[in-house]
Every structure is written in C-alpha cells, then in structure tokens.
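Engineer: Below you will find the structure I want to go over with you.
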Amino acid sequence: MISIVSKLYLVILTTCLVFLLSLTGFAQSPGTVSGKEQDNPKVVHTIFLVGNTGAPADTGAGPKLRLLKTQLQTAGKASNLVFIGNTFYPRLLPLSNDPQRASVEQALKAQLNILKGYTGQVHIVPGDHELKKDKNNANRHARSQEQFIREYLQNEDIFMPASGCPGPESIEINDNILLVLLDTKWFLPRSPKIDEDLGCSVNSPAAALAEVDDILKSNPQKQVVIAAHIAQDIKPFIYRSFQKGYAEIFRQHAGLIYTEDSSPALEYSWQDSINYIRTGRGSLTRKIKQKVPPIFTQPGHGFAKILFYENGEAWLEFWTVNSATNVTGKMAYRRLLMKKATLAQLNAHIKPVPAHNYKDSVVTTNASNLYQVGKFKRWLLGENYRPEWATPVTLPVFDVSKEKGGLKVVQRGGGFQTRSLRLVDAKGKEYVVRSVEKYPIEAIPRALRRTMAADIVKDQISASHPYAPLVVPTLAQVAGVYHTNPSYVFIPDDPRLGNFRTGLANTIALFEERPDDDESESPQFGRSKKVYSTEKVLEKIQEDNDDQVDQKAVLRARLFDFFIGDWDRHEDQWRWASFENENGKGKYYQPIPRDRDMTFFVNQGIIPKIASRKWILPKIQGFDEAIRDITTFNFNARYFDRTFLTALSLGEWQTVAADLQQRLTDQTITAALKQLPAPIYNIRGETAINILKARRARLVKDATDYYKFLARTVDVVGSDKAELFEVTRQDDEHTLVKVFKVSKSRQKEQVIYERIFKTSETRELRLYGLGDNDQFILTGLVKRGILVRIIGGEGDDSLTDSSRVKRGPRKTIIYDTATGNHLPIAAETKNETSDRDEEINAYDRKSFKYNYLGPLASIEYNKDDGFYLGGGFSAMQQGFRKEPFAASHRFVANYALATHSFLFNYAGYFTKALGVFDVALNLDVKTRNFSDNFFGLSNESIYNREFDIDYYRYRSERYHFNVLLGRRWGKYQQFLFGPAYEFVQVQHKTGRRLEEFDPNILSPNDPFASKSYAGVLLSYVLDSRDNKTLPNRGAYLQTDMVNYLGTNSTSVNYSRINAQAAFFQAVYLPFKVILAGRVGGGTTLGDFEFFQANTLDGLYNVRGFRRSRYSGRTSFYNNLEARIRLFSFQTYLFPGEAGMMAFHDSGRVWNSHEKSNKWHRGYGGGFWFAPVNLIVITAGYMISDENRLPLIGAGFLF
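Encoded structure:
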C-alpha cells in the first residue's frame, strides 16, 4: 500500500527549493542596459526571436535576414529560431500552374536560404496571411506556401502550433528552459471557428488561459519563454483584455519572458517581475498601444536573442541593421532578464527522493462518487451507468519507474474535460495515461459551477461507461481492426511525477499506447514504420496520387464503430499506419482508431431523449439494440466518411458487414465483456452482451442503409498531379468511373480509382481534378443517367464529352476557368466556366451539410394578444455550391388566446433557382378574427384607460403574397424584386373607437369595404452580421419599396418606403457586452387607408407601448440595446449562452394635419437564454410613460 513518506519528502524538497532559489537571485529585477555576465560563464543555449521580416529586396533576403544568417552560423545546434507571425513574403504562394509561381518561389527561396545549414530548431508561429480560412482560394495558397516551406527546408514540424491550432505548444529545450508558442489570431472576433476535427485541445480564449496557467504551474523551476503572434487587426480593447488575462497568470511565474510581434519597433519593458519583449514587424507601421511603457525602444530592422548561461542567467540582446548593405549589424541593447537556479545546481543541494516500490501494490476504489442521485433526477437525466461509476474495483498502482521499463513524463494534455499525461519510454515509444473521471465543470464559467446547470453538465458524464475501453481490444482483434491495449491503473501521489501529478494523483486512469511515428514493433498497429495524423494523410494523398487510402480497412473500422456504439469518430480520433506499395511507388494508409471513451454511451432520461431527436442532436442516440437513424448517428464522421469511403460498392459494404458478423461470435462477445472488472461485469455485463448480439444481427442492414445515404452524392477527388478521369455511361442503371495516373507525356498508366455507380443509388457525381493538367473523357448513350459535375482545378485541363442522356436536362456540367483550358462544349455539356469566380475550382471536402426537417413550437406573450400558441415546421435542402442552403421552407400557424385570431405564415427561399437569381415566396394570412389596435392618426393620440382595450381594437382579414427574384452581390448584399398582392377586409363593429372617426380620414373610400392591391416590391439588404441569431458584430440594412395599384373600385393606388439600419459590436468589460443600435422608419406616398399607416408599435420598434400605438404617414424610431453575456457553457448535449439586456427606445410619427414635437420613449430590461446557440428566448419588462408591460418571446427585437 502507499506510504505517506512521499508527502514528507515533498515538503522537504519544496522547502529546500525555495531556500535555494532565494540564494540564486530568482526573479530579480533586470540588470542594466550594458553590463557583463559574471566570470564569463558559458552560453548553453540561444533563442532567436524574429518578427515580421518585411518585404524582401528586389532579389534575395532583406537586411534583417542577412544579419540573422551570420549569427545563426555561429549559434549552432544549441539554439532555437522562432519566427513570430507574417514571416515571409510574398504573403501567399500561387498554385503550381500560376505563371508567377516560379518568380515567387525564387523570392521565397532567397529568404529561406538563410536557414540552409542551420543546425538548430526552427519554429514558425503562423501569422495572419499564412493560415487564412476565408471562403476564397486564399487558404489553398496559404497551404501551398506552408508545404513549399516544409519541403524546401525538409522540416515537417516547422509550423507551430501544429495542425492549425492556437496552442499553447510547449517545447522542452532542456532541463532548464521551456519555450511556449501561442497563436492568438483564433481568438479575435472575426476569426474563423477552430475546426473540431483538428483535435485542438484549446478552442477558446478561456481554455488557452487555463492551458498556459497549467504549463507554468507544471514548470515552476524552469526559465520560460512564451512567444505569441498578435494579429495585425486586433482591436485595442480586445488586446487589453488579452493582456489583462495573461498578466494575471504571468505574475505567478516571476522572471518569465513574454515576447510578441505587436509593435513595428524593437521594444523591452518590465513589470511585476515579468519581461516583455516586442520583436518588431518589419515593414508594418501600426503599433498597438501597450499597457506597460517600454524601457527601451528601437525603430528599424532587427531581432531579439536571449542567451542562457550555465550559471542560470538569461540575457536579452537586440540586434539591428542600419542599411541594406550592412550585414554585420550592431547590438543596440543588452540586459539581464533573470537568474534562476539550474537543475544541476538544485540537484547539488538536494538529496534525491528515494524510489518508491509499487510492485504488486493494488488499490480498491471506485471511479467516482458524483453520480448517485435520487429518483427524480434519474427520471430527468437517466439511469445511465451510475452503478458502474460507484462500484469499487481493485486496480494495480501505476509505477512510472517500472512500467514499460521506466517512463518519463513529457507533456500534460487532455484539455478541459480530461486530465492526461504523455509519457515516453527509453526507446522513444509514447504512451498516455488519462483520467477516467471527466471534469466538464472546468469548461464552464465560475458563475455556473454551483448551479443546477453545472449539475446537469457534470451528470452527463454518467452516460459514458467508465470501463468500456477494456472491451474493445478483444473485439477489434477478432474483427481485424487496429486497436490500442488499454489497462486501468491507480495513479498514486508519486513525487517522481513532480507537478504533473496535480489533478491525477489518487485517481483511476486509463493507460495505453499512443500510436505515433515508428510502430514497427507494435502488431496491434500493423507494425507500421511510420504513423501519421489524418491531416498529414490528407496532405499526402493530395500531393501525390501514388499515395492512397485502404478504403476497405476504413470500412471495416467504421462498421466496427457501429457495432460498439462509438459515435464520436471525428478526424482527430484516427491515426494512420503507412505501408509501402508493392510497386515501390508511394504508400497506402490504414486507419488506427483511438480514444474509445464513447463506446457503449447511452441516452436515457427525459432531457437527453428530447435532445437526441433528429432536429436537435441526433448523434447521441445511445447504445441500444438498434440504431434509430444510422445517417445522423454518424454526424461526427460526416466529413471523414465522405473522404475515405468513396470507392466501394454496396456489395463490398455488405460483404465486410457479413464478415464481421461471422467473426464476432457469441463466444468472442462474452470474452470481451469478461475483460471488465468482475464487479462491473456483474452489474450489466449480460445486458451489454445481448445488446451487442442484437447490433451484430443488424449490421448488414445498418451498412446497407448508410451506404445508400453516402452514395447519393459522391466526390471523386484527384490530386495535385495529373490524372485522367474516364466516365462511361454503360446503360440506364450503370455508370463506370475510372481514374488513371498520367505520365509526364500525358499517357495513362495504372488505375487509381474504379467504381460502378447505379442511377438508382446515386444522384450526383463530383469529379475534382485539383492540381496539374487533368483530362476528363465521358462516353455512352443512355436514356437516363447520373448528373456528373466536373471541377477541373488548377492546370491546363481538357474535356471530351461524347456522352448523351436522352431524358431530362443536360447531365454533364463543367466548372473551370474560361481560359487556359481545352474545354469544347458538347450537346450534353453545360458550361459553367468563369474567369471572374475565384472559387470556380475550389474543393471543400467539408461542404456537406445534412438536410433538415424539424418542428417549430411557438409560445409568446404580449399584453394585447395574451398568449400566442402555435407550431409548424422548418425544412432545408442542401445543394452544390448553394449557400447557406438550396431551399428553405418555414411554415408557422399561431392562435392568440385573448383575441381568438389565427395567423398563418409561409416563407420559402430557393437559392439560384433561375440561373444566378434566387426565388423567394412569402405568404402571410390573418383570418377574420385578427385583431389590431387603432388609436387615431396622430403623434399624440389619446389612450383613455377608462375604456377597455377592446374599445380601440378592430378586426380584419388580411392576405399578403409576393414572389421575388433575388440576386446576391459579394458576401453581404442582396437585391430582391417581384410582384406582390395584398387583400384587406376590415370588419364593421359598433361601439369601437374606429367608428368615431371621420371616414374620410380613415380611408379615401369606405373603410369597411374590401380592398385589394397588386404591385411591385423592391428590396435591398446588406447583412454583415457574424451570426443571424446571436450577432456579436456587423451591420444590417434593409430598404423596401412597394408600389401598389388598387384592383377594385374601393381601392386606391399608393406607395410605401420603409428602411432600417442596425449595427452590432461586442466589447469586453471584461465580460462581453454586445452594443446594438437601430434606426428605422417609413413613409407612405399618395392617399392611404388607416391600416396602411406607419406605426410605432410596442412589439416591433418602440417597446413599452401597445400594439400600433401611434399611426401616421411617416414614422421614425431608434433602438439602443446592451446585451450582457453572463456566461456560456458547453455540454455533451448542447452549448449555450445566457445573459441580461437593457434597452432604450424612442420614436414618433408625422401627419400632414398635425403639428407635434413630442417624442415617445420606452425603456426596460430582461434576460435572454440561447440553448444550442440557434434560438434565443427572451423575457423582459417594458416601461413607458403610459404602460408597464411584460414581454416573453423568441429572438431579440432586432
């Protein structure tokens, strides 16, 4: 058993450490500008810090790079070179077929040549132009530049943080120095969302702060250098918030060196024992104002270097160049940054901690005590695996010095919800130890951590089986699927784990191999000599068509996922074993699944069951005998499957599924479940066996259903090398697609893709040539066939289309540039080539989106109508390059309880339905009992409270209908125009205010006669909001103009113009506040009916008043609103936000017969809640000089 002696040694060690550090000058104030290190100690390591290098000279590298080269030559292996953001010019590298490619390559090579022969490590923190993620081809050009740099320097790991993640990425230089790299551009308001498939452990500013804090706490004895890229367009208030957050963390690590590229000059400052270095931005001139004033600043070209000495001192030097010809430069500044005891010095004064012997030690404990709840909570949130979490099991104690011959901890990981350590053995093989308990509470704001919301978030962990990964190896081995071999251990409070034991000591953890690099001694990974990430495999197969993925191996692994109920199979959940092809050219890749935490995940309880509906989060269907909907169960793998499962037929799918059924025998299933600890198996082991048997029986059906779903639309993707695509329409049912490798002499070689598609299964094929000169040949005469889209890609492409499909529209569509290709248009070919569309050749493998059909429920309340109850549906269909959808339909029917009126509304929108034009359909029906208010045509109409509100009401029947053509300009603008129709019939009822007015004021004709109008509606919309439901920033402008002609004898002609303009801007104080403002109004031209007047309305523009409170020919209103986000949260079920709001509204109307200077004002506040971040529910209270009104509804006012 574990002794408490280790804790005693920890106390002694800490006391000695503190004493020794005080003697060696830990975190002392920086030294003087000049000055020399004492006794000429030896430099043991150098870190070069280089900001934006500036545009190069006509040819060759700029003066800063040439100066840098001279110093790199002497620095040698004991050095690191860090380029911080926007490093090399030109900013983006053209693709291979671009005429400017050669000259741009030469310019890049001239800059990169300074690194030739340099033996130290080079790191590039990507800047604003290296990793753009916008919707044009800039991302491809950025990737092209990155890959060129990697290949030219023969350094695959030069870009860090890796995989396009924000970091922090920690690099242990030696026992005394730690380098941390961070890319902050992902946390800016307009930055793209971090792709979940990249597997980034950090995806928010709060998570980045916590990770940096964790790194620093884990390395208190080290000299730490943090290098961060600061985006050029960062807003000052956002930068200050960023500074404040990190300063709080840095303050706990005295002596830390923080460097960034936020100034065009070289700068040094010091505050709170933290060193701040700014590396300069070359040719850029914009400076971000700093909170800490600089002690030293030097404009011009230069760089910083930090020299670490054997006595623990760290010195800063700034080097600058004065002219383009001077490559020797000068040292402009030198300063002592810190002095810290080295590990060698510490070891000389502290006796080593005796090794603990945990051999044969065991501990009996349970996974967690947190999930035992009462009957109501079990009904609400599910029974789940609560007994399994609470049941004690006996486990071996993890001995880091004995396990696998001795392991060394190299990195902490796991992000917010899981705590883990990465370890390495003497041979360099990596392992991971990961906490069984999850910690989602750390991923939600502190304000929520002691609330019911936090309980729900935490309780969802009980839906995962704590020991399910133990079952997987036995099943996977028989199934022919690669796998890790996890075991469960107890992590002791072992001093040898150092600071890494925080959060893991005295807990149960999963211990397993980490497939990476050379696995030639690992049969469970195919003895592959090189293991890659998914991102790297995608790069490999795009670069060279000799590299291919073994799709049958992928299919086997994915069907196995169906069997064990593992729904969380996004792309970072895979590694890839690589093997040489038999012909010696290229490699083939087979998948290695990892992270089996979601195996046997169940969905029980009222709330999770509702959340798993098809229109909310259908992927969390749970581990039952049958998968309710196989298509949405695989939501997290939607891009993975459409990338790596494109070549197999239905027969092959069914054959693999049947083979798995044969392999996974009853005996195998039972043996696998017996791998669970006996107390756990005894709870529900037999139940799991029966579920697996039932899922096995349905495996062929599930495979068939999912195949048909994937087969509807298939991407056949080439590479950046030349290919020949042959499409043969064999008959009405069968279409053969072959892709050949092409030699440099344009002769076809071996087949690299072949599949026969069936018209009954596949609606559309998309052939992407990507790079180089591709050929497309289509043949065959049939009556009906599959639509084939050809996206030529970069290069000089050619098309030969002799095919013919007799029925329906043309079935071949070509997309490419109009020039630079040989694309003769045949009878079956539709020409969509363009030299103006920058995205004409774009390939987005993540373009797939599910069609959607879901119910709508409406529950609203206002003072005039009481409760509105209703429902309807919303539907969206997706289509090729039709954003955000191909077609949408929204139908809602509402009933007002107080006024007994029905309202029906339908809105349909069809993207590019008529060539480049969109089509919009709108129908609005209000039945005979529809009730509205009329207080008079006046800006000062009287509301006499002695009368019941019914006195001011009138009933009418209304129909509005329009059909509009729309055209989009750019990303934000849209113009709509088309015919419109309107019908209104006002009911005549005695005893109402309406009857007391002069009929000539109310209407040019009889106000109670039926009115019908036909005319033309024109609408202009500019919408740059970043989110339509929860905008953080952007603007919205809409102008509508309608001209109506009366179509019966009681209707007269009139026109109306209405406009509104709104803005949104998030600020951080430090919590997020969205400042929102809107102005709007309208005017009616010609004679008009009273119901055609412009109004101030408590529901639509000036809150605190009744509906249609003031009416006139012209209206104007203004809204100001502050939406305060109190907290956001992320759960297994859904994310969300919640907050408060405060508002102030004002407005007035004008009439020709009235002179008035009065403005009407309303104000108030309330709360808002946004579950799933897709809808907003608001509840507020509105105050004006005549009313105090509650309001409950869906969405913000604007």
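In terms of mature numbering (1 follows the signal peptide of the UniProt record, and there is no 0), the sequence shown is residues -27 to -1, 1 to 1171.
Glycine included, every Cβ here is placed at the ideal spot set by N, Cα and C.
From a predicted model like this one, the values you see are computed outputs, not experimental measurements.
(1) Taking 9 Å as the cut-off, decide whether the C-beta atoms of Ile763 and Asp789 are in contact.
(2) Quick one: what's got a C-beta closer than 8 Å to Thr952's C-beta in the same chain, skipping five residues either side?
(3) Nearest to Asn339 by CA position, among Phe269, Val462, Arg308, is which residue?
(4) Quick check on the burial criterion: 16 or more other C-beta atoms within 10 angstroms. Buried or exposed for Gly557?
(5) Which of the three DSSP states is assigned to His322 in this structure?
(6) Give every residue of the same chain whose Cβ lies closer than 7 Å to the Cβ of Leu368, excluding the five residues on either side of it in the sequence, and list them in chain order.
(7) What is the rounded straight-line gap between the Cα of Ser408 and the Cα of Val346?
(8) Going by other Cβ atoms of all chains shown within 10 Å of its Cβ, with 16 needed for buried, is Lys(-21) buried or exposed?
(9) Can you tell me whether Glu142 is helix, strand or coil according to DSSP?
(10) Buried or exposed, going by whether 16 or more other CB atoms sit within 10 Å of the CB of Ile915?
(11) I'd like to check one pair, Lys681 with Glu734: are the Cβ atoms closer than 9 Å?
(12) Classify Thr252: buried if its beta carbon has 16 or more other beta carbons within 10 angstroms, exposed otherwise.
(13) Could you give the DSSP three-state label for Gly100: helix, strand or coil?
(14) If you scan the stretch 428 to 495 from start to end, which runs of the alpha helix (DSSP H) of 4 or more residues do you find wholly inside it?
(15) Taking DSSP as the reference, what is the three-state secondary structure of Thr5?
(16) Going along the chain, which residues of its own chain have a beta-carbon closer than 8 Å to the beta-carbon of Ser7, five neighbours each way excluded?
(17) DSSP three-state label for Ile346, please.
(18) Looking only at its own chain, which residues have a Cβ that is under 7 Å from the Cβ of Asp808, when we skip the five neighbours before and after it?
(19) Could you check which residue in Gly1120, Arg1121, Ser1125, Arg1096 has the C-alpha nearest to that of Gly1112?
(20) Check each candidate in Asn1091, Glu1110, Leu1099, Arg668 and name the one with the smallest Cα separation from Phe1116.
(21) Within its chain, find whatever has a CB closer than 6 Å to the CB of Arg224; leave out the 5 residues flanking it on each side and keep chain order.
(22) I think Arg93 touches Gly58, with their Cβ atoms under 8 Å apart; what is that distance to the nearest whole Å?
(23) DSSP on Ile565, reduced to helix/strand/coil?
(24) Are the stretch 617 to 634 and the stretch 537 to 545 touching, with three or more C-beta to C-beta distances below 8 Å?
(25) Taking the C-alpha atoms as reference points, what is the distance between Tyr654 and Thr391?
(26) Within its chain, find whatever has a CB closer than 6 Å to the CB of Glu516; leave out the 5 residues flanking it on each side and keep chain order.
(27) Could you have a look at Lys803 and say whether DSSP puts it in helix, strand or coil?
(28) Indicate whether Ile188 and Val175 have their beta-carbon atoms separated by less than 9 Å.
(29) Less than 9 Å between the beta carbons of Glu833 and Gln748, yes or no?
(30) Skipping 5 residues on each side, what residues in its chain have a beta carbon closer than 8 Å to that of Leu528?
(31) Based on DSSP bridge pairs, tell me the residues matched to Phe903.
(32) Considering only their Cβ atoms, is the gap separating Thr1023 from Thr1057 smaller than 9 Å?
(33) Can you check the stretch 283 to 317 for any beta strand (DSSP E) of at least 3 residues that lies completely inside it and give the ranges in chain order?
(34) Could you pull out every residue in the same chain whose Cβ sits closer than 8 Å to the Cβ of Phe121, ignoring the five residues on either side in sequence?
(35) How would you write the range of the alpha helix (DSSP H) that Phe617 sits in, first residue to last?
(36) Would the beta-carbon of Leu155 fall within 9 Å of that of Val98?
Structural biologist: In short:
(1) Residue numbering aside, residue 763 sits at position 790 when the sequence shown is read from its first letter. Residue numbering aside, residue 789 sits at position 816 when the sequence shown is read from its first letter. Yes, Cβ-Cβ distance for Ile763 and Asp789 is below 9 Å.
(2) Here residue 952 is taken as the residue at index 979 of the sequence shown, counted from 1. Checking the sequence, you will find Pro at residue 952 rather than Thr. Result list for Pro952: Asn935, Val936, Ala987, Gly988, Val989, Leu990, in chain order.
(3) Against the sequence shown, residue 339 aligns to sequence position 366. With distances taken between Cα atoms, Asn339 lies closest to Val462.
(4) Here the question's residue 557 lines up with position 584 in the sequence shown. By the neighbour-count rule (16 or more Cβ atoms within 10 Å), Gly557 is not buried but exposed.
(5) Working through the sequence shown from its first residue, we reach residue 322 at position 349. In this structure, His322 counts as helix in the three-state DSSP scheme.
(6) Here residue 368 refers to the residue found at position 395 when the sequence shown is read from its first residue. Around Leu368: Val335, Val336, Tyr461, Val462, Phe463, Ile481.
(7) Position 435 of the sequence shown, counting from 1, holds the residue named residue 408. Position 373 of the sequence shown, counting from 1, holds the residue named residue 346. Taking the straight line joining both Cα atoms gives about 22 Å.
(8) Residue mapping note: residue -21 aligns to position 7 of the sequence shown, counting from 1. Confidence at Lys(-21) is low in this model, with a pLDDT of 37, below 50, so its placement is unreliable and the value that follows should be read with caution. Per the 10 Å Cβ criterion, exposed.
(9) Walking along the sequence shown from the start, residue 142 turns up at place 169. Here Glu142 sits in strand by DSSP.
(10) What you label residue 915 is simply residue 942 of the sequence shown in a count that begins at 1. Ile915 is exposed by the Cβ-count criterion.
(11) Walking along the sequence shown from the start, residue 734 turns up at place 761. Walking along the sequence shown from the start, residue 681 turns up at place 708. Yes, they are a contact pair.
(12) Numbered from its first residue, the sequence shown carries residue 252 at position 279. By the 10 Å Cβ count, Thr252 comes out buried.
(13) Translated into the one-based positions of the sequence shown, residue 100 becomes position 127. Reduced to three states, the DSSP call for Gly100 is coil.
(14) 445 to 452
(15) The count along the sequence shown starts at 1 and reaches residue 5 at position 32. Because the pLDDT at Thr5 is just 43, under 50, the model does not fix this residue reliably, and the value given afterwards should be weighed accordingly. Thr5: coil per DSSP, three-state reduction.
(16) Taking the first residue of the sequence shown as 1, we reach residue 7 at position 34. At Ser7, the pLDDT of 45 sits below 50, so the modelled position is not reliable; the number obtained from the coordinates is stated separately. Contacts found: Arg307.
(17) The residue given as residue 346 occupies position 373 in the sequence shown. The sequence shown places Val at residue 346, rather than the Ile named in the question. Correct three-state label for Val346: coil.
(18) The residue given as residue 808 occupies position 835 in the sequence shown. Closer than 7 Å at Cβ, skipping near neighbours: Thr790, Ala791, Thr792.
(19) Within the sequence shown, residue 1112 is the residue found at index 1139, counting from 1. Of the candidates Gly1120, Arg1121, Ser1125, Arg1096, the one whose C-alpha sits nearest the C-alpha of Gly1112 is Arg1096.
(20) If you number the sequence shown from 1, residue 1116 lands on position 1143. Answer by Cα proximity: Asn1091.
(21) Within the sequence shown, numbered from 1, the residue matching residue 224 stands at position 251. These residues qualify, in order along the chain: Asp245.
(22) Here residue 93 refers to the residue found at position 120 of the sequence shown. Here residue 58 refers to the residue found at position 85 of the sequence shown. With the sequence shown as reference, residue 93 is identified as Gly, and Arg is not the correct amino acid for it. Not quite, the Cβ-Cβ distance comes to about 20 Å (not below 8 Å), so this is no contact.
(23) The sequence position of residue 565 within the sequence shown is 592, counting from 1. Strand.
(24) no
(25) Stepping through the sequence shown from its first residue, residue 654 is reached at position 681. Stepping through the sequence shown from its first residue, residue 391 is reached at position 418. Taking the straight line joining both Cα atoms gives about 25 Å.
(26) Your numbering for residue 516 matches position 543 in the sequence shown. If we look at Glu516 and ignore the five residues flanking it on each side, its Cβ neighbours are Asp693.
(27) The count along the sequence shown starts at 1 and reaches residue 803 at position 830. If DSSP states are grouped into helix, strand and coil, Lys803 belongs with the strands.
(28) One-based indexing of the sequence shown puts residue 188 at position 215. One-based indexing of the sequence shown puts residue 175 at position 202. No, they are not a contact pair.
(29) Against the sequence shown, residue 833 aligns to sequence position 860. Against the sequence shown, residue 748 aligns to sequence position 775. Their beta carbons are not under 9 Å apart, which means Glu833 does not touch Gln748 by this criterion.
(30) Here residue 528 refers to the residue found at position 555 of the sequence shown. Leu618, Leu621, Glu625, Trp626, Val629.
(31) Working through the sequence shown from its first residue, we reach residue 903 at position 930. Answer by DSSP bridge pairing, in chain order: Ser929.
(32) Here the question's residue 1057 lines up with position 1084 in the sequence shown. Here the question's residue 1023 lines up with position 1050 in the sequence shown. Cβ atoms of Thr1057 and Thr1023: not closer than 9 Å.
(33) 286 to 293, 303 to 312
(34) The residue given as residue 121 occupies position 148 in the sequence shown. The answer, listed in chain order, is Leu66, Glu78, Leu81.
(35) Residue numbering aside, residue 617 sits at position 644 when the sequence shown is read from its first letter. Counting along the chain, the alpha helix (DSSP H) containing Phe617 begins and ends at 611 to 617.
(36) Start at 1 with the first residue of the sequence shown, and residue 155 comes out as number 182. Start at 1 with the first residue of the sequence shown, and residue 98 comes out as number 125. Their beta carbons are under 9 Å apart, which means Leu155 touches Val98 by this criterion.
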